[in-house]
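Chemist: Please read through the structure below; I'll follow up with questions.
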Amino acid sequence: MQVRRGCFIGFVIADRKKEMIGNPDVVARYEKEVEKYNKDLNKVMQIKKFKLVCEDWTPENGFLSPTQKLKRKVILANYKNLLDEIYEKNY
């Protein structure tokens with residue numbers, strides 16, 4: 003997998019996470035939020051595609067360092083298939 007420039011963003015959705023991230027209304031709400039923030043960003047910095055995930059990113063599960071920094075290598079390894087899917091599809 004070739005790593006492309008981009009941004010990792012984690013959203014935490016309380017209870018019933020799997021059910022919620024598959025809900026079109028929830029996805030539409032996040033799309034609206036992303037669009038809102040994209041307006042203030044240079045085109046190359048804008049989020050073009052994203053997927054919601056169920057896992058919380060914490061130091062305990064290895065996605066964050068103890069100082070709350072993203073562990074990008076861990077994230078890339080754990081979400082390789084999802085990232086490949088995002089970059090392959092034109093949605």
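Residue 3 is where the sequence shown starts when you use the numbering used here, and the numbers rise one by one after that.
Using N, Cα and C, we set each Cβ at its ideal position, and we do this for glycine too.
All of these numbers come straight from a predicted model, not from anything done at the bench.
1. Excluding the 5 residues flanking A79 on each side, which residues of the same chain have their C-beta closer than 6 angstroms to its C-beta?
2. Do you know whose CA, among V46, K20, K71 and F52, lies nearest A30's CA?
3. Do the CB positions of T60 and L54 come within less than 8 angstroms of each other?
4. Would I49 pass as a contact of V36 if the rule is Cβ separation under 8 angstroms?
5. Return yes when the C-beta of P61 is under 7 angstroms from any heavy atom of the ligand FMN, and no when it is not.
Modeler: The short version:
1. none
2. F52
3. no
4. yes
5. The ligand FMN is not among the ligands present in this structure, which contains no ligands whatsoever.
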